[in-house]
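Notes for the one structure printed next.
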Amino acid sequence: MATSAAEELSGLSIGDDWAASCPSLRKNLSILSPDQIELAKILLNEGQSHLFNHWPDPGAEDEKKKGFFDQVARLNSSYPGGLKAYIQNARKLLADSKAGKNPYDGFTPSVPSGEVLTFGDDNFIKLEEAGVREAKNAAFVLVAGGLGERLGYKGIKLALPAETTTGKCFLQQYIESILALQEASCKLAGGQQHMQIPLVIMTSDDTNAPTLKLLESNSYFGMVPSQVKLLKQEKVACLDDNDARLALDPNDKYKIQTKPHGHGDVHALLYSSGMLYHWKSAGRKWVLFFQDTNGLLFKAIPASLGVSATKGYDVNSLAVPRKAKEAIGGITKLTHADGRTMVINVEYNQLDPLLRATGHPDGDVNCETGYSPYPGNINQLILKLDSYIEELGKTRGAIAEFVNPKYKDSSKTSFKSSTRLECMMQDYPKTLPPSANVGFTVMDTWLAYAPVKNNPEDAAKVPKGNPHHSATTGEMAIYRANSLILRKAGVQIADPVNDVFNGQEVEVWPRITWSPMWALIFADVKRKVNDKCFVSQRSTLVINGQNVFLDGLSLDGTLVVNAIDEAEVKVVGSIQNKGWVLKHVDYKDTSFPEEIRMRGFKIEKLEQLEKSYTEPGNFCLSS
Ligand SMILES: O=c1ccn([C@@H]2O[C@H](COP(=O)(O)OP(=O)(O)O[C@H]3O[C@H](CO)[C@H](O)[C@H](O)[C@H]3O)[C@@H](O)[C@H]2O)c(=O)[nH]1
1 MATSAAEELS GLSIGDDWAA SCPSLRKNLS ILSPDQIELA KILLNEGQSH LFNHWPDPGA
61 EDEKKKGFFD QVARLNSSYP GGLKAYIQNA RKLLADSKAG KNPYDGFTPS VPSGEVLTFG
121 DDNFIKLEEA GVREAKNAAF VLVAGGLGER LGYKGIKLAL PAETTTGKCF LQQYIESILA
181 LQEASCKLAG GQQHMQIPLV IMTSDDTNAP TLKLLESNSY FGMVPSQVKL LKQEKVACLD
241 DNDARLALDP NDKYKIQTKP HGHGDVHALL YSSGMLYHWK SAGRKWVLFF QDTNGLLFKA
301 IPASLGVSAT KGYDVNSLAV PRKAKEAIGG ITKLTHADGR TMVINVEYNQ LDPLLRATGH
361 PDGDVNCETG YSPYPGNINQ LILKLDSYIE ELGKTRGAIA EFVNPKYKDS SKTSFKSSTR
421 LECMMQDYPK TLPPSANVGF TVMDTWLAYA PVKNNPEDAA KVPKGNPHHS ATTGEMAIYR
481 ANSLILRKAG VQIADPVNDV FNGQEVEVWP RITWSPMWAL IFADVKRKVN DKCFVSQRST
541 LVINGQNVFL DGLSLDGTLV VNAIDEAEVK VVGSIQNKGW VLKHVDYKDT SFPEEIRMRG
601 FKIEKLEQLE KSYTEPGNFC LSS
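First residue of the sequence shown: 1, per the UniProt record's numbering; consecutive thereafter.
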C-alpha cells in the first residue's frame, strides 16, 4: 500500500490508522513487535489510550515502553479471556456497584441443611475411617498468596509456629499431616501401592520466594520435592474510574498498578497448569483446598472427606457454628424468585445487608442457640475431581468476581484510591448446574477452626464472646483440642485456668501436642491411651512417635517422648518435675522476637523428662 512521504519519514503507514486516536502510541508503533501491537489494539479498543499519553517519540525511553508491554502481556495471559475480558467485566461490575445493585437481587436466604457431626460418636469414627481410606486418592491445595495484612507479621504466615511448645510452623504441621494420611491410607489399602498425595501451594509475588525457601531449607519437611508444586498467582490491573481505565503506578509511568485478585485465582491456575488432568489420569478423585493458618484443620479433614465419599458430594464445604458478625462467611441457601436455588457462602460483609433486605430487620444476629443460624464457612473445600474438571472445562476456572470501590462521595463518580476486581475460591459453586450435589459438613469450632488472622491490638478489641483469631488463641486452641480429645478417650485431664495474654482472655489447658503420625483420627488416640492416665493443668506433653502408648501415666510437669516407628514405647507411672511455664510478654516489648510477642507469652523451660528411642524394640518409660 502506498505511503505518504510524511508518514514514511515518521515510520507510520495507513495500516496504523487504528491508532489515529492516540498519536503518542501511533508514533511508537515502529519499535513494537507484532505481538505488542496486537496488545496495543486491545488496549485502545477498550478505551485505554490514556496509558500512552505521556509517551515520548521513538528513541526516548524505548526500553521502558517495551517493559510496559511485557507487563501487559503477563496481565493478558494470566486472566481467563485476557485483558479485554478483564476490562469489560470491570466496566459491568463498576456500573452495577454505582447503581447500588445487590448481587443477590431476587434471592431469598434461608438456612440450608447439611451434615452435622459430633466428635467421637460412632458415625464420626466411621466417617474418619472412610476419609482415611479415600485420602490416597486426594490432592491437597493450599492457598497461601495472601499478605496477611490484618496480622501485620513481616514474614509469611506459613512460617509462623502453629504452637510454641514444639515450635513447628504451619507448613510443617500441614505437610506432616498429609504424610501421615498418605501412610495410613496406603496401609488400609493393604500396603501394596505406595501413592504420594500431591500438595499444590498457591503463592503470589509476595509469598513465593519465602515459601520456596522455607521448603528448601527444611528438606520439604519430609515430602519428596516433586510431590510439592508451587503455582504463583499474578496480580490484576487496578482501575481508576467507572470506565475501567487502568491505573498507572504512581511511581512508574511505564507500569500498570496491580493488586491481588483474591484466593479465587486458584481455580484458573489449577486449570491452566494442566494439574487437574494429570491428577485425573493418575486416578485421583478429590481435591481438598485449605488456608494458611488453621492449626486444627487436619483434625477435621478425615471425617469431612468421609462425608464427601459417602454422600458423593461434588462440593463439600467445611463449616463451624458461626457467631453473628464473625468475619467468616455464612453458608446460605439462596432461592430465586424464578425457582433457582443454590447453597453458597455469603461473605461476612454481605450477609447482614442481604438479611435486612429480605425481611429480617435485625440482620446478622444470633438465634436462640447463641449462634447465627447460618453455619460459618471456614474455606476448607472438598471438590470431586470429575465434576470439577467438567466445570472448569467450561469456565477455564473463571470465578464470579466482585468489585469494592471506595467512592469519594455519594455521586459515586470517583474513587478515593484505585480499585480492582476480586474473586473468592468458595464462589466456585455459583456457576454449577442445579443438578450438582453441593453440601457442607459442620463440626465443632474447638475441633476444626482456629485461624491466626488478627494482630494483638485488633484481637483485643473483638467483642466479648466472639473469637479473637490471633496467634494467642490459635495456639491455645491446639492445646484445648488435644486435651478434649484425650478426655473423650478416657484420659483424666485437669480443668483449664483462665489467663489474659495481649488483652485476650483465654483458657489455658495442659500443653499437649502430638505428631500426626501418632494419631490422625480418634480411633488412633483410643488405641494408644487408657483411662488410668492423668495430666495436670500445668503439664506439657509432647508425643513424637507412631508407637507410643500411654498406659497409666500420671503427669505433673513436662514429658517429651521421641521414638522411631520401630520402637514401641509404653509410658507408665507417675512423672513429676518443675515443667515448662508460660511467662507473660507484652506485644510492644521489642526485646522479644515478633513470633513470641504476637502471642503474648513465652515458654520457659524449667525442667523436663525427655526420652528419645532411636533403636527398634519394646521399651517402658517411667520416671
Ligand atoms: O489474593 C489472595 C488472597 C488470599 N489468599 C489466601 O487465601 C486465604 C484466605 O485469606 P484471608 O485469611 O485473608 O481470608 P478472609 O479472612 O478474608 O476470609 C476467608 O476465610 C474465612 C475463614 O478463615 C471465611 O471462610 C471467609 O468466608 C473467606 O473468604 C489465606 O490462606 C490467604 O493466604 C491468597 O492465596 N491469595
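Glycine residues also receive a C-beta, built at the ideal position from the N, C-alpha and C atoms.
(request) State yes or no: is the C-beta of residue 643 within less than 8 Å of the C-beta of A448? (result) Past the boundaries of the shown model lies residue 643; the chain is included only from 1 to 623, so the question cannot be answered.
(message) For G120, report the span of its alpha helix (DSSP H) as first-last.
(response) For this step, residue 120 is matched to residue 120 along the sequence shown. Here G120 belongs to no alpha helix (DSSP H), and DSSP marks it neither H nor E.
(request) Out of W18, L305 and D240, point me to the one whose CA is closest to A139's CA. (result) The residue you call residue 139 lines up with position 139 of the sequence shown. Considering only alpha carbons, the answer is L305.
(message) Once the 5 residues before and after S4 are set aside, which same chain residues still bring their CB inside 6 Å of it?
(response) Reading the sequence shown from its first residue, position 4 is the one you call residue 4. Residue placement at S4 cannot be trusted, given a pLDDT of 47 that sits under 50; what the coordinates show is reported in the next sentence. Closer than 6 Å at Cβ, skipping near neighbours: no residue.
(request) Report the residue ranges of all alpha helix (DSSP H) runs contained in full by the region 22-67; include only those spanning at least 4 residues, in chain order. (result) 23-26 and 34-45
(request) Identify whether I564 lies in helix, strand or coil by the three-state DSSP scheme. (result) Here residue 564 refers to the residue found at position 564 of the sequence shown. Coil.
(message) Given this structure, state the Cα-to-Cα distance separating N618 from K570, to the nearest angstrom.
(response) On the sequence shown, position 618 is the one that residue 618 refers to. On the sequence shown, position 570 is the one that residue 570 refers to. Between N618 and K570, the C-alpha separation is close to 8 Å.
(request) Look at the Cβ atom of L384, then the Cβ atom of K285, and state whether they are nearer than 8 Å. (result) Stepping through the sequence shown from its first residue, residue 384 is reached at position 384. Stepping through the sequence shown from its first residue, residue 285 is reached at position 285. Per the sequence shown, the amino acid found at residue 384 is Lys instead of Leu. Yes. Within cutoff.
(request) To the nearest angstrom, report how far apart Y313 and D252 are at their CA atoms. (result) Position 313 of the sequence shown, counted from the start, is the residue given in the question as residue 313. Position 252 of the sequence shown, counted from the start, is the residue given in the question as residue 252. One C-alpha to the other measures close to 48 Å.
(request) Go to F289, then tell me how far its beta strand (DSSP E) extends in each direction, as first and last residue. (result) Walking along the sequence shown from the start, residue 289 turns up at place 289. Here the beta strand (DSSP E) through F289 covers W286 to Q291.
(request) Would you check if the distance between the CB atom of A244 and the CB atom of I344 is smaller than 8 Å? (result) Working through the sequence shown from its first residue, we reach residue 244 at position 244. Working through the sequence shown from its first residue, we reach residue 344 at position 344. Not in contact: A244 and I344 (Cβ atoms no closer than 8 Å).
(message) Quick check: what's the CA-CA separation for N45 versus G82?
(response) Here residue 45 is taken as the residue at index 45 of the sequence shown, counted from 1. Here residue 82 is taken as the residue at index 82 of the sequence shown, counted from 1. About 13 Å.
(message) Please classify residue 628 as buried or exposed, where buried requires at least 16 neighbouring CB atoms within 10 angstroms.
(response) Absent from the model: residue 628. The displayed extent of the chain is 1 to 623, so no value can be given.
(request) Taking K41 and W18 to be in contact with their CB atoms under 8 Å, please state how far apart those CB atoms are, rounded to whole angstroms. (result) If you number the sequence shown from 1, residue 41 lands on position 41. If you number the sequence shown from 1, residue 18 lands on position 18. Correct: roughly 6 Å between the Cβ atoms.
(request) Could you tell me if the beta carbon of D261 falls within a distance shorter than 7 Å of some heavy atom in ligand 1? (result) As a first step, residue 261 must be located in the sequence shown, where it is residue number 261. Before going on, a small fix: residue 261 reads as His here, not Asp. Yes, the Cβ of H261 comes within 7 Å of a heavy atom of ligand 1.
(request) Assign P451 to one of three DSSP states: helix, strand, or coil. (result) Reading the sequence shown from its first residue, position 451 is the one you call residue 451. Here P451 sits in strand by DSSP.
(message) On the DSSP letters alone, give me the boundaries of the beta strand (DSSP E) that residue 628 sits inside.
(response) With the chain covering 1 to 623 only, the question about residue 628 has no answer from this structure.
(message) At a threshold of 7 Å, does I512 count as lining ligand 1 (C-beta to nearest heavy atom)?
(response) The residue labelled residue 512 in the question sits at position 512 within the sequence shown. Incorrect: I512 has no Cβ contact closer than 7 Å to ligand 1.
(message) Pairs of beta-carbons, one from the region 319-326 and one from the region 389-406, closer than 8 Å: are there three or more?
(response) no
(request) Could you tell me the distance, in whole angstroms, from the CA atom of L520 to the CA atom of V548? (result) For this step, residue 520 is matched to residue 520 along the sequence shown. For this step, residue 548 is matched to residue 548 along the sequence shown. In a straight line, the C-alpha of L520 is about 14 Å away from that of V548.
(request) Output the distance between the C-alpha atoms of V452 and E604, rounded to the nearest integer angstrom. (result) To locate residue 452, count along the sequence shown from 1; it is residue 452. To locate residue 604, count along the sequence shown from 1; it is residue 604. If I take the Cα positions, the gap works out to 23 Å.
(request) Output the distance between the C-alpha atoms of F52 and C22, rounded to the nearest integer angstrom. (result) By 1-based counting over the sequence shown, the position of residue 52 is 52. By 1-based counting over the sequence shown, the position of residue 22 is 22. Cα to Cα, F52 sits roughly 8 Å from C22.
(request) Mark M1 as exposed unless 16 or more other C-beta atoms lie within 10 angstroms of its C-beta, in which case mark it buried. (result) As a working note, residue 1 is residue 1 in the sequence shown. Its pLDDT being 39, under 50, M1 is placed unreliably by the model, and the measurement read from it follows with that caveat. M1 is exposed by the Cβ-count criterion.
(message) Please determine whether the Cβ atom of S281 lies at a distance below 7 Å from any heavy atom of ligand 1.
(response) Translated into the one-based positions of the sequence shown, residue 281 becomes position 281. Flag unset: Cβ of S281 not near ligand 1.
(message) Between F124, T108 and K602, which has its C-alpha nearest E115's C-alpha?
(response) Translated into the one-based positions of the sequence shown, residue 115 becomes position 115. Looking at the Cα atoms, F124 is the closest of the given residues.
(request) For the beta strand (DSSP E) holding E422, just list the boundary residues, first then last. (result) Taking the sequence shown and counting its residues from 1, the one referred to as residue 422 is at position 422. Note, E422: beta strand (DSSP E), L421 to C423.
(message) With distance defined between alpha-carbon atoms, name the residue in A237, G274 and S273 nearest to Q257.
(response) Indexing the sequence shown from 1 puts residue 257 at position 257. For Q257, the nearest C-alpha among the options comes from A237.
(request) Pick out whichever of F298, L43, D499 and S554 has its Cα sitting closest to the Cα of Q71. (result) Within the sequence shown, the letter at position 71 stands for residue 71. Residue L43 is the option with its Cα nearest to Q71.
(request) Would you tell me roughly how many angstroms separate the C-alpha atoms of A95 and Y407, rounded to the nearest one? (result) If you number the sequence shown from 1, residue 95 lands on position 95. If you number the sequence shown from 1, residue 407 lands on position 407. Each residue's Cα considered, the two are about 13 Å apart.
(request) If I'm right that V508 touches L606 with Cβ under 8 Å, what's the distance once you round it to whole angstroms? (result) For the purposes of this step, residue 508 is taken as residue 508 along the sequence shown, with counting starting at 1. For the purposes of this step, residue 606 is taken as residue 606 along the sequence shown, with counting starting at 1. At roughly 17 Å, the Cβ-Cβ gap does not stay under 8 Å, so V508 and L606 are not in contact.
(request) Out of S49, T108, H261 and C620, state which residue places its alpha-carbon closest to the alpha-carbon of R356. (result) For the purposes of this step, residue 356 is identified with residue 356 of the sequence shown, where counting begins at 1. Comparing Cα positions, the closest option is T108.
(message) I need the straight-line Cα distance from G580 to Q492, nearest angstrom please.
(response) Translated into positions along the sequence shown, residue 580 becomes position 580. Translated into positions along the sequence shown, residue 492 becomes position 492. The sequence shown places Trp at residue 580, not Gly. When rounded, the distance between both Cα atoms is 20 Å.
(request) In the DSSP assignment, find the alpha helix (DSSP H) that holds K482 and state where it starts and stops. (result) Counting from 1 along the sequence shown, the entry for residue 482 is found at position 482. According to the sequence as given, residue 482 is Asn; it is not Lys. Element bounds for N482: A471 to K488.
(message) So the candidates are H194, I543 and L230; which of them puts its Cα closest to the Cα of P210?
(response) Counting from one through the sequence shown, the residue named residue 210 turns up at place 210. Minimum Cα distance to P210 is reached at L230.
(message) Using only the alpha-carbon positions, how far apart do A460 and G59 sit?
(response) Counted from its first residue, the sequence shown places residue 460 at position 460. Counted from its first residue, the sequence shown places residue 59 at position 59. For A460 and G59, the distance between alpha carbons rounds to 58 Å.
(request) Can you have a look at N349 and say buried or exposed, based on whether 16 or more other CB atoms are within 10 angstroms of its CB? (result) The count along the sequence shown starts at 1 and reaches residue 349 at position 349. N349 comes out exposed.
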